[in-house]
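Below is one structure, written out as structure tokens, with a few remarks after it.
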Amino acid sequence: SIPSTPKTLSSINPPLAPTLIALYRSLPATSNMSWKASLSRHLPVLRFFGCPKSPASRGLMGWYEKNYEELKHLNPTMPLLLRCSDNASPAITTELSFTTSHLLTYMLQNNKFQNPDGSPNQ
1 SIPSTPKTLS SINPPLAPTL IALYRSLPAT SNMSWKASLS RHLPVLRFFG CPKSPASRGL
61 MGWYEKNYEE LKHLNPTMPL LLRCSDNASP AITTELSFTT SHLLTYMLQN NKFQNPDGSP
121 NQ
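Under this note's numbering, think of the first position of the sequence shown as 1, with each following residue one higher.
Take a look at the structure:
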């Protein structure tokens, strides 16, 4: 069985684990769906890049192989693309449709412009 908790993501390459965990935490909490099932509601595509011969890509390639069937079953219309090439750095990418205006609005609404002491940044 494949665990569906974000703790399993830490077994991926260390630089990629924080990115995937951040993605997991950014998804809204759902009562009947795992985070894997809600991916296609929030992302149009997931692209995995890696080198099949490189030890640096071993974690990403293993995670993809272990989770592809479940992800595809839960998100049948979402493209899950694996791009392999020699000397490719392991990476996961997607497409997001937000603008700088969306980002600034989010940051203002969530008080992201703060000093370390919590006071508003000028």
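Ideal Cβ positions, reconstructed from N, Cα and C, are used throughout, including at glycine.
Spatial distance of residue i from residue j (CA atoms)
{"i": "N32", "j": "H42", "result": "With a pLDDT of only 46 at N32, under 50, the local geometry of the prediction cannot be trusted, and the value read off the model is given with reservation. Taking the straight line from one Cα to the other gives about 16 Å."}
{"i": "P55", "j": "F48", "result": "15 Å"}
{"i": "L60", "j": "T99", "result": "29 Å"}
{"i": "P76", "j": "T93", "result": "19 Å"}
{"i": "L104", "j": "E95", "result": "19 Å"}
Same chain, Cβ closer than 8 Å to residue i, five either side skipped, listed in chain order
{"i": "D117", "result": "none"}
{"i": "D86", "result": "C51 and K53"}
Cβ separation of residue i and residue j, assumed to be a contact under 8 Å, to the nearest whole Å
{"i": "C51", "j": "A88", "result": "5 Å"}
{"i": "V45", "j": "L82", "result": "Wrong, their Cβ atoms sit about 12 Å apart, outside the cutoff."}
Of the listed residues the options, nearest to residue i (C-alpha basis)
{"i": "S34", "options": "M107, H73, E65 and R58", "result": "H73"}
{"i": "N67", "options": "T105, S119, Y106 and L39", "result": "L39"}
{"i": "E69", "options": "S119, Y106 and A37", "result": "A37"}
Spatial neighbours of residue i in its chain, beta-carbon cut-off 6 Å, leaving aside the 5 residues before and after
{"i": "P79", "result": "V45"}
{"i": "S57", "result": "G50, C51 and P90"}
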